[in-house]
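Those protein sequences? They're chains A and B, same order as listed.
Position 137 of the first sequence, counting from 1, maps to 137 under the working numbering, and the rest follow consecutively.
Heads up, the working numbering is the position in the second sequence plus 200, with the first residue counted as 1.
Take a look at the structure below.
Protein chains: 2
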Amino acid sequence: MIKNLIGRKIILASGSPRRAIIFKKLGLNFSIVKSSIKEKIPESTKPDSFVTNMALKKVKNISKKIDNGLIVGADTVVVINGLILGKPKDISEAKRMLYLLSGNIHKVYTGIALFFKPENILKTDFEVTEVEFKKMDKIEIEEYIESKEPMDKAGAYGIQGIGSLFIKKVNGCFFNVMGFPISKFYDLYKQAQKEIVGAT
Amino acid sequence: MIKNLIGRKIILASGSPRRAIIFKKLGLNFSIVKSSIKEKIPESTKPDSFVTNMALKKVKNISKKIDNGLIVGADTVVVINGLILGKPKDISEAKRMLYLLSGNIHKVYTGIALFFKPENILKTDFEVTEVEFKKMDKIEIEEYIESKEPMDKAGAYGIQGIGSLFIKKVNGCFFNVMGFPISKFYDLYKQAQKEIVGAT
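Structure follows, in structure tokens:
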């Protein structure tokens, strides 16, 4: 199934550079078509259904433009004490987020959606990973923000860069924290593939 | 302390491309000087002391050549059912390793050693991470070996590449599995830095 996946034409419905890096590392044959869906987190919502729904919306948004291929969407948020964190709007919000995460355990949710065309098979699911942050001191938070790494990332940190200095422990899928749960994606891909082969 | 670390001249006593990738991503100022130490796993040994000792040997091996800088050594092994796995010698050993890991939980140990010169401060420690593999079928193992990814890696898999398709869960430091426990490294660095500043 590895060769089958690598040979498949994929459309990534996401502008996230981290997701593109993951797809490149896997050697996938993909192109990027950004959806026009904007993330807006409602006051009260469940993170698992929120991210799954967002991923689905992204895929549906571009599905009319695509006749043939596997369209993949994803959406990631950070959850701490029932609070859902998206990307910080500015430096002071990034700082607030880092103070919240420092010395605590939070959860990262990513929803994914796979839409196979022309077979019209849709698969959606989500992954959740626990991340434990070390205590960061004031200077570390300031220096980290100065590095500019926090600004375009859910929860204001990147686990694959300088942020890794402050991660004590990950429990679950690492790539989910980076923005794309590879392992879950592969499971859904295999499920769909069986349906496609079964139907022919 | 982030800026302090990024400004520091580092000598990486390892030929592992994964470690170099990690150092590059962190933006560290480093050069590579490979040690001449060859990994040979004795019949009966404890993995934690083995990897720590290997890391120390690598650092000591090149420390005579270096007058000024932080020398960093590391060594990684995979442990399953008390069996220590290094890099596979050939395809059939890689296959045996993957059959062992498939559907099971194993542990990854990395020892690290930091030698600060001219201060002559030495820090060593190790990190351990649990990794849970999905069940791989025969074709997946064959296709994975064909991809050549397993051949130069402890335990015959790379968690950052195609191997990620088969990882169900990580419990602990992800980068430890990739070959270098960044978070532990930063803790040891900060400890040593305090001693250096305290002594001046």
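Just so you know, even glycine gets a beta-carbon here, dropped at the ideal spot from N, CA and C.
Please read these numbers as outputs of a predicted model, since none were measured by experiment.
| message | Please classify residue 275 (chain B) as buried or exposed, where buried requires at least 16 neighbouring CB atoms within 10 angstroms. | response | Flag for residue 275 (chain B) reads buried.
| Rounded separation between residue 202 (chain B) and residue 30 (chain A) - CA only | Straight-line spacing of the CA atoms in residue 202 (chain B) and residue 30 (chain A) works out to 36 Å.
| said: Once the 5 residues before and after residue 440 (chain B) are set aside, which same chain residues still bring their CB inside 6 Å of it? | reply: There is no way to answer for residue 440 (chain B), as the model of chain B reaches only from 201 to 400.
| Is the CB-CB distance between residue 273 (chain B) and residue 235 (chain B) below 8 Å? | Yes; because the gap between Cβ atoms is below 8 Å, this pair is in contact.
| task | Jot down the residue ranges of each uninterrupted beta strand (DSSP E) in the stretch 252-294 of chain B, minimum 3 residues, whole runs only, in chain order. | result | Complete beta strand (DSSP E) runs here, min 3: 269-280 and 283-285.
| field | Best match in B:331, B:212 and B:319 for proximity to residue 262 (chain B) [C-alpha to C-alpha] | value | Minimum Cα distance to residue 262 (chain B) is reached at B:212.
| Nearest to residue 356 (chain B) (by Cα), restricted to the options B:227, B:264, B:205 and B:277 | Comparing Cα-Cα distances from residue 356 (chain B) to each of B:227, B:264, B:205 and B:277, the minimum goes to B:277.
| message | DSSP has residue 311 (chain B) in a bridge; who is on the other side? | response | Per DSSP, the beta-bridge partners of residue 311 (chain B) are B:275 and B:326.
| query | residue 232 (chain B): which of B:239, B:222 and B:341 sits nearest, CA to CA? | reply | Selected option, being the one with the closest Cα: B:222.
| So with Cβ pairs under 8 Å, would you call residue 168 (chain A) a contact of chain E? | No chain E is part of this structure, whose protein chains are labelled A and B.
| request: Name, please, each residue of chain B whose Cβ falls closer than 9 Å to the Cβ of residue 97 (chain A). | output: The CB of residue 97 (chain A) never comes closer than 9 Å to any CB in chain B; the least such distance is about 17 Å.
| message | I'd like to know if the stretch 365-381 of chain B and the stretch 165-180 of chain A are in contact, where contact means that at least 3 CB-CB pairs between them fall below 8 Å. | response | With a cut-off of 8 Å on Cβ pairs, the stretch 365-381 of chain B is in contact with the stretch 165-180 of chain A, counting three or more such pairs.
| said: Taking the straight line between their C-alpha atoms, what separation do you get for residue 237 (chain B) and residue 97 (chain A)? | reply: Between the C-alpha atoms of residue 237 (chain B) and residue 97 (chain A) there is a straight-line separation of about 44 Å.
| query | Among B:309, B:327, B:331 and B:366, which has the Cα closest to the Cα of residue 337 (chain B)? | reply | Minimum Cα distance to residue 337 (chain B) is reached at B:366.
| query | Where do the N-terminal and C-terminal ends of the beta strand (DSSP E) with residue 230 (chain B) fall, by residue? | reply | According to the DSSP assignment, residue 230 (chain B) belongs to the beta strand (DSSP E) that extends over 229-232.
| message | Between residue 179 (chain A) and chain B, is the shortest Cβ-Cβ distance under 8 Å, so that the two count as touching? | response | So, not an interface residue.
| said: Strictly below 9 Å CB to CB, what residues from chain A border residue 228 (chain B)? | reply: Against chain A, a Cβ distance below 9 Å from residue 228 (chain B) picks out nothing, because the smallest value is about 10 Å.
| field | chain B contact residues for residue 182 (chain A), given Cβ-Cβ distances below 9 Å | value | Within 9 Å Cβ-Cβ: 364, 365 and 367.
| said: Less than 7 Å between C-beta atoms, sequence neighbours within five positions excluded: which residues of the same chain meet that for residue 295 (chain B)? | reply: Result list for residue 295 (chain B): 341 and 345, in chain order.
| field | Whether residue 397 (chain B) touches residue 315 (chain B) by CB criterion (8 Å) | value | Cβ distance not < 8 Å, so residue 397 (chain B) and residue 315 (chain B) don't count as in contact.
| request: Starting from the Cα of residue 41 (chain A), find the closest Cα among A:64, A:8, A:84 and A:80 and give me that residue. | output: If we check each option's Cα against that of residue 41 (chain A), A:84 comes out closest.
| said: Tell me which residues of the stretch 337-367 of chain B have at least one Cβ-Cβ distance to chain A shorter than 9 Å, keeping chain order. | reply: Residues passing the 9 Å Cβ filter: 337, 339, 340, 343, 344, 346, 347, 359, 360, 361, 362, 364, 365, 366 and 367.
| Would you say residue 225 (chain B) faces chain A, with C-beta separation under 8 Å as the test? | Yes, residue 225 (chain B) counts as interfacial toward chain A.
| request: Could you tell me how far apart the beta carbons of residue 251 (chain B) and residue 310 (chain B) are, in whole angstroms, since I believe they sit closer than 8 Å? | output: Right, their Cβ atoms sit about 6 Å apart.
| Local conformation of residue 12 (chain A) per DSSP, three classes | In this structure, DSSP gives residue 12 (chain A) an extended state, which the three-state scheme calls strand.
| request: Have a look at residue 364 (chain B) and residue 49 (chain A) and give me their C-alpha separation to the nearest angstrom. | output: Near 25 Å, if we compare the C-alpha coordinates of residue 49 (chain A) and residue 364 (chain B).
| request: Drop a sphere of 10 angstroms on the beta-carbon of residue 148 (chain A), count the other beta-carbons inside from all chains shown, and report buried for 16 or more, exposed for fewer. | output: Residue 148 (chain A) counts as exposed, since fewer than 16 other C-beta atoms from the protein chains shown sit within 10 angstroms of its C-beta.
| field | Sequence-distant residues of the same chain with beta carbon closer than 7 Å to residue 158 (chain A), five excluded per side | value | Closer than 7 Å at Cβ, skipping near neighbours: 149.
| field | residue 21 (chain A) in three-state terms, based on DSSP | value | In the displayed model, residue 21 (chain A) falls within a helix according to three-state DSSP.
| Residue range of the beta strand (DSSP E) that residue 372 (chain B) falls in? | Counted as a single uninterrupted DSSP element, the beta strand (DSSP E) harbouring residue 372 (chain B) occupies residues 367-372.
| query | What did DSSP end up calling residue 243 (chain B) once you bin it into helix, strand or coil? | reply | In the structure shown, residue 243 (chain B) sits in coil (DSSP, three-state: anything other than H, G, I, E or B).
| message | To the nearest angstrom, how far is the alpha carbon of residue 135 (chain A) from that of residue 383 (chain B)? | response | Rounded to the nearest angstrom, the gap between the Cα atoms of residue 135 (chain A) and residue 383 (chain B) is 12 Å.
| query | Quick one: what does DSSP say residue 135 (chain A) is sitting in, helix, strand or coil? | reply | Residue state, collapsed to three classes: coil.
| task | Have a look at residue 43 (chain A) and residue 82 (chain A) and give me their C-alpha separation to the nearest angstrom. | result | Rounded to the nearest angstrom, the two C-alpha atoms are 11 Å apart.
| message | Going by DSSP, what residue range makes up the alpha helix (DSSP H) through residue 195 (chain A)? | response | 182-199 is the span of the alpha helix (DSSP H), which, as asked, contains residue 195 (chain A).
| field | Proximity test, Cβ basis, 8 Å: residue 207 (chain B) and chain A | value | Cβ-Cβ to chain A under 8 Å: no for residue 207 (chain B).
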